[in-house]
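To start, the structure under review is shown below, and the notes come after it.
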Amino acid sequence: MGGYLIYLAIIIIIPIWAQMKVKSAYTKYSKIPTSAGMSGAEVARRILDANGLSNVAVRETQGVLSDHYNPLNKTVFLSSSNYHQHSVAGAAVAAHEVGHAIQDKEGYAALRFRHALVPVVNITSKFAWIFIMIGILVTAMPNFLLIGIILMAAGVVFQIVTLPVEFNASSRAMDQIVSLGLISNAEERDARKVLSAAAMTYVAAAAVAVLELVRLILIFTNITRND
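Here the sequence shown stands for residues 147 to 373, numbered as in this note's numbering.
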């Protein structure tokens, strides 16, 4: 029981820590203006045009840190604060999302694989826990737990594949805003801090997913061993 409580604390604390880290970094650097005086929308547009992506639109979206790139309609969506404000955080986040647009243009393999997994994960995530709960509650039917584990594994693969996609987008973002002179040398370190903090949320999500999958595999192994 004690071990389970420790495990439960870990999978709760890791995501909370990651969210606190990114919110702290974002709040701090969203108050620091860039020397170039460009809004996130202007930064995104500048990088897109410099990379031959004039067909990709930049739109404002509601929410906080709701920024994302939609490959279906070729649009970079920036949350209101990043879209309008002239901050280091806004420039970094905008450049990161454009990094995904550049990945899409170049056919980045990890991004393509993640996109291919989306419809699969949308289905498996709906049924995984149904099979898992039946398999755990009805120990005479361990195959249900195994099916649930297999379904859940698809989501874990998605989380793991997301890591190189996000890290690569951040790397591209830094290359672009530095080479195009959108931030100064002094601001480069601050921009990296914002992107590094954001990346930790994906690392935390992947870590929790892997830990939960391992826990379920151990439960399945224990049930089948006792049969």
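C-beta atoms are modelled at their ideal positions from N, C-alpha and C, and glycine is treated no differently. For clarity, every value in this text was computed on a predicted model and none was experimentally measured.
In the DSSP secondary-structure assignment, E206 is bridged to L224. When DSSP states are grouped into helix, strand and coil, P161 belongs to the helix group. For I365, the closest C-alpha among the options M287, I159 and A300 is that of M287. In terms of Cα proximity to K339, the closest of L263, I276, G327 and Y172 is Y172. For the 8 Å CB-CB criterion, F277 and G301 do not form a contact. For Y153, the three-state secondary structure derived from DSSP is helix. According to the DSSP assignment, Y348 belongs to the alpha helix (DSSP H) that extends over N331 to N372.
Restricted to the segment 287-334, not a single beta strand (DSSP E) segment is unbroken, complete and at least 3 residues in length. Beta-carbon to beta-carbon, V349 and L309 are separated by about 7 Å, close enough to satisfy the 8 Å threshold. Between the segment 197-212 and the segment 256-273 there are fewer than three C-beta pairs closer than 8 Å, too few to call the two in contact. The closest CA to that of Y175, considering only A190, A238 and N331, is found on A238.
Check the Cα spacing between E188 and each of L359, S233, L291 and T370: the tightest is with S233. Using a Cβ distance threshold of 8 Å, S316 and A345 count as a contacting pair.
Exclusion of the five residues before and after L362 leaves I295 as the residues of its chain whose Cβ lies within less than 6 Å of its Cβ.
Here Y254 carries a coil assignment [DSSP, helix/strand/coil].
Cβ neighbours of V324 within its own chain (closer than 7 Å, five residues either side excluded): E334. For the options A351, Y229, A235 and G198, the alpha carbon positioned closest to that of I159 is the one of A351. N216 sits in a strand when the DSSP states are folded into three classes. Between A299 and L359 the beta-carbon gap is near 6 Å, inside 8 Å, which marks them as a contact.
A check of alpha carbon separations from A182 across V204, I306, Q231 and A247 identifies Q231 as the nearest.
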